[in-house]
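For the sequence shown, position 483 (counting from the first letter as 1) is numbered 483 according to UniProt numbering, and the numbering increases by one without interruption. Using N, Cα and C, we set each Cβ at its ideal position, and we do this for glycine too. Written below as structure tokens is the structure these notes are about.
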Amino acid sequence: MKHKLKIILMSALCIITVGVCSSVYLYNNLMNIISNKEEGISDLYLETVRNQLNYNLVELVGLSQCRNDLDISKAMRLDKMSSSKEKNLALRASEKLTSYLSNYRTWRYVDKLIAFNEKGISVQAATLGVNRLDDPDRILELNIFNSLLQSGDKQIISLSPSIINGKECIALICQIYDINNSKSNGWLYMEINTDIIADNLSKDLGVNLYVAKADGTYLLGNQITSGVGKTMKTHEIPLSVAGLKLIGFKESISTARSVSSVIITIVVVVLAALVAAILMAIVIISLLRESEVLRNQRKNAEITMLQSQINPHFLYNTLESIQWMAKIQKNTGIVKITRCLISLLRNMAKSVGEKISLGEELALLNDYVELQSIRYMDAFEVVNNIPESFHSYAIIKFSIQPLVENAIFHGVVPSGKNGTITINAIEDGNDLLITVTDDGIGMEPPELRKLSDRMESTSSKGLTGIGLSNVNNRYKLSYGEQYGLTFESESGQYTKVIMRFPKEVV
Numbered sequence: 001m002k003h004k005l006k007i008i009l010m011s012a013l014c015i016i017t018v019g020v021c022s023s024v025y026l027y028n029n030l031m032n033i034i035s036n037k038e039e040g041i042s043d044l045y046l047e048t049v050r051n052q053l054n055y056n057l058v059e060l061v062g063l064s065q066c067r068n069d070l071d072i073s074k075a076m077r078l079d080k081m082s083s084s085k086e087k088n089l090a091l092r093a094s095e096k097l098t099s100y101l102s103n104y105r106t107w108r109y110v111d112k113l114i115a116f117n118e119k120g121i122s123v124q125a126a127t128l129g130v131n132r133l134d135d136p137d138r139i140l141e142l143n144i145f146n147s148l149l150q151s152g153d154k155q156i157i158s159l160s161p162s163i164i165n166g167k168e169c170i171a172l173i174c175q176i177y178d179i180n181n182s183k184s185n186g187w188l189y190m191e192i193n194t195d196i197i198a199d200n201l202s203k204d205l206g207v208n209l210y211v212a213k214a215d216g217t218y219l220l221g222n223q224i225t226s227g228v229g230k231t232m233k234t235h236e237i238p239l240s241v242a243g244l245k246l247i248g249f250k251e252s253i254s255t256a257r258s259v260s261s262v263i264i265t266i267v268v269v270v271l272a273a274l275v276a277a278i279l280m281a282i283v284i285i286s287l288l289r290e291s292e293v294l295r296n297q298r299k300n301a302e303i304t305m306l307q308s309q310i311n312p313h314f315l316y317n318t319l320e321s322i323q324w325m326a327k328i329q330k331n332t333g334i335v336k337i338t339r340c341l342i343s344l345l346r347n348m349a350k351s352v353g354e355k356i357s358l359g360e361e362l363a364l365l366n367d368y369v370e371l372q373s374i375r376y377m378d379a380f381e382v383v384n385n386i387p388e389s390f391h392s393y394a395i396i397k398f399s400i401q402p403l404v405e406n407a408i409f410h411g412v413v414p415s416g417k418n419g420t421i422t423i424n425a426i427e428d429g430n431d432l433l434i435t436v437t438d439d440g441i442g443m444e445p446p447e448l449r450k451l452s453d454r455m456e457s458t459s460s461k462g463l464t465g466i467g468l469s470n471v472n473n474r475y476k477l478s479y480g481e482q483y484g485l486t487f488e489s490e491s492g493q494y495t496k497v498i499m500r501f502p503k504e505v506v
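Structure, rendered in structure tokens:
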């Protein structure tokens with residue numbers, strides 16, 4: 001009887017020991033999984049918010065290209081507005097500013113858009129702000145204006161007090177050049193309300209977000225919970241405008257259990273193995289449910305990002321109707337835009353992995369370039385030097401367009417001046433090399449190294465959803481590690497992207 005009791009006790013002790021150890025191990029592992037998934041969701045959400053903020057801010061910064069408009073440039077030549085001709089010229093310039101502004105979906109965040117010269121002549125767009133006669137004098141007193149004069153830069157974007165209400169805003173000021181002699185004859189000033197940032201700081205995923213200035217001081221945010229007395233994880237990523245930084249922090253899940261809790265658990269398990277097993281089962285079920293909730297949150301976050309994309313099948317059917325109506329009304333401009341957009345959307349709806357001829361790829365590129373030329377008012381020129389004898393070579397579809405898109409948005413547009421993008425092709429043995437070169441802002445060696453390192457990622461995307469890293473990876477997977485993209489750049493001079501792939505005939 002004693003031996004049986006000892007066996008029962010030893011068996012129960014072994015079962016309890018194994019059960020406690022395995023359950024604690026499983027508990028800690030599940031907590032780590034949940035913590036990692038939670039961190040992944042927070043990073044994904046933070047990246048999504050950053051991308052949306054950058055898109056909105058860079059889009060509005062592109063509004064500064066309206067300074068190249070002929071009517072606005074002519075208005076800046078005026079030294080008085082006494083005659084009806086001079087007044088009509090100023091009125092046309094004001095209407096042009098208003099027209100350019102209304103074409104942007106985020107126009108409501110622009111509180112001020114004004115062109116003025118040193119002779120006191122100013123023209124303004126009709127925005128939400130109040131237009132005052134002394135607006136130019138107020139601008140001349142701003143630090144951002146003095147910085148522009150002292151630095152000799154063509155354009156400056158910075159945080160600055162608003163000339164409307166004194167509140168902090170994102171201000172842009174740039175030179176306006178005379179079309180005839182390329183000399184500066186005025187300035188374009190724009191104020192962007194910080195609501196463009198606040199409206200994108202959602203509280204849906206429970207992540208505390210705030211935007212800080214370059215020196216780390218607080219600008220605005222969406223404080224959800226206080227972090228006092230809690231373990232918080234912090235993530236910081238820079239925005240593309242005015243030196244701003246997006247910072248997110250969220251309470252982390254602690255996997256450590258206190259010593260007293262462990263002792264109590266062991267005592268409970270030793271005294272009642274069944275109760276301990278039930279309690280552990282409840283904990284495991286709770287963790288599994290929490291894991292399911294986090295998985296659903298991640299799925300919802302991915303769906304939210306996908307909802308920002310437009311179904312091309314729906315769009316090009318609608319655009320065909322617009323094109324037909326434009327042809328009837330003999331509006332060639334709308335016909336041209338809709339034709340290019342329909343062509344792009346039709347090809348975007350197809351697989352991007354298929355191979356087409358180089359001639360077909362260049363035709364798709366021409367449609368894209370025409371659309372961007374309209375958007376940026378011919379601020380760049382694309383020169384295609386590829387010989388027709390190369391047009392029969394096979395190329396993976398949508399390979400050149402991302403390279404040109406990168407040259408436009410990261411080379412020419414940030415330079416604030418008209419630029420040229422040159423496309424060349426040469427044969428190198430059994431390989432074909434296509435180069436896309438822009439004369440934009442270029443890159444410093446550290447930036448160039450970072451770009452090369454990012455080629456292993458697939459997070460950078462463009463119009464077609466295909467970024468440089470995506471193009472690079474597709475060529476490496478299709479042809480081998482020796483193929484894909486390489487880069488050359490010199491700051492302030494140029495950036496060249498070289499794409500190598502084997503010669504094949506379609």
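SER254 classed as buried or exposed, judged by whether at least 16 other C-beta atoms fall within 10 angstroms:
Any reading at SER254 is ruled out, since the residue's pLDDT is 47, under 50, leaving its predicted position unreliable.
Three-state secondary structure assigned by DSSP to LYS183:
coil
Exposed unless 16 or more other CB atoms sit within 10 angstroms - verdict on ASN103
exposed
Confirm, please, whether the CB-CB distance from ARG454 to SER469 is below 8 Å.
yes
Would you identify the three-state DSSP class for ASN209, choosing helix, strand or coil?
The identity of residue 209 in the sequence shown is Leu, whereas the question assumes Asn. Reduced to three states, the DSSP call for LEU209 is strand.
Report the option in GLY492, GLU370, GLU427 and SER389 whose CA atom is closest to the CA atom of HIS410.
GLY492
For my contact list, SER53 and LEU239 are in at a C-beta cut-off of 8 Å; report their separation, rounded to the angstrom.
The sequence as given places Leu at residue 53; Ser does not occur at that position. About 6 Å; that satisfies the 8 Å criterion.
Here's the rule I'm using: 16 or more other beta-carbon atoms within 10 Å means buried, otherwise exposed. How should THR217 be labelled?
exposed
Here's the rule: buried if 16 or more other CB atoms are within 10 angstroms of the residue's CB, otherwise exposed. What is ARG50?
buried
Buried versus exposed, by CB contacts within 10 Å (16 or more), GLN124:
buried
Answer with buried or exposed for ILE285, where buried requires no fewer than 16 other C-beta atoms within 10 angstroms of its C-beta.
exposed
Within 10 Å of its beta-carbon, does ILE421 have 16 or more other beta-carbons around it, so buried, or fewer, so exposed?
buried
Local Cβ density within 10 Å of ASN36, reported as buried at 16 or more and exposed below that
exposed
Below 8 Å, how does it come out for the region 144 to 161 and the region 173 to 186: are there three or more Cβ pairs, yes or no?
yes
Measuring only the C-alpha atoms, how far is THR435 from VAL369?
17 Å
Simplified DSSP assignment, three categories, for ASN430:
coil
With a 10 Å radius around its C-beta and 16 neighbouring C-beta atoms as the bar for buried, classify ASN185 as buried or exposed.
buried
According to DSSP, what are the bridge partners of MET499?
ILE434 and LEU485
With a cut-off of 8 Å on the beta carbons, I'd call LEU365 and VAL404 a contact; round off their distance for me.
6 Å
Keeping to the same chain, check which residues put their C-beta closer than 8 Å to that of HIS391; ignore five residues upstream and five downstream.
SER357, LEU358, GLY359 and LEU362
Nearest-angstrom Cα separation, counted from LEU89 out to ASP71
7 Å
Using a 10 Å radius around the Cβ and a threshold of 16 neighbouring Cβ atoms, would you call ASP137 buried or exposed?
exposed
Can you give the beta carbon distance from LEU432 to TYR475, rounded, assuming they're within the 8 Å contact cut?
So it is not a contact: roughly 11 Å between Cβ atoms.
From CYS21, ARG92 and ASN32, pick the residue whose C-alpha is nearest to that of GLU290; which is it?
ASN32
Unbroken beta strand (DSSP E) run spanning ASP178, endpoints:
Note, ASP178: premise wrong, no beta strand (DSSP E); not H, not E.
Alpha-carbon to alpha-carbon, LYS96 and VAL110:
15 Å
Is the region 437 to 448 touching the region 369 to 378 in the sense that three or more CB pairs, one from each, lie closer than 8 Å?
no
Measure the CB-CB distance between TYR45 and LYS112 and report whether it falls below 8 Å.
no
Which two residues bound the contiguous beta strand (DSSP E) that contains VAL412?
No beta strand (DSSP E) contains VAL412, which DSSP labels as neither H nor E.
If you draw a straight line from the C-alpha of ARG339 to the C-alpha of PRO402, how long is it?
20 Å
Specify the secondary structure class of TYR393 as computed by DSSP and reduced to three states.
strand
If you draw a straight line from the alpha carbon of VAL283 to that of GLU236, how long is it in whole angstroms?
34 Å
Residue from ILE334, LEU60, ASN131 and ASP378 whose Cα sits closest to the Cα of ILE114
ASN131
Among TRP187, ILE41 and PHE380, nearest to LEU149 - alpha-carbon criterion:
TRP187
For ILE157, report the span of its alpha helix (DSSP H) as first-last.
No alpha helix (DSSP H) contains ILE157, which is instead part of the beta strand (DSSP E) from 155 to 161.
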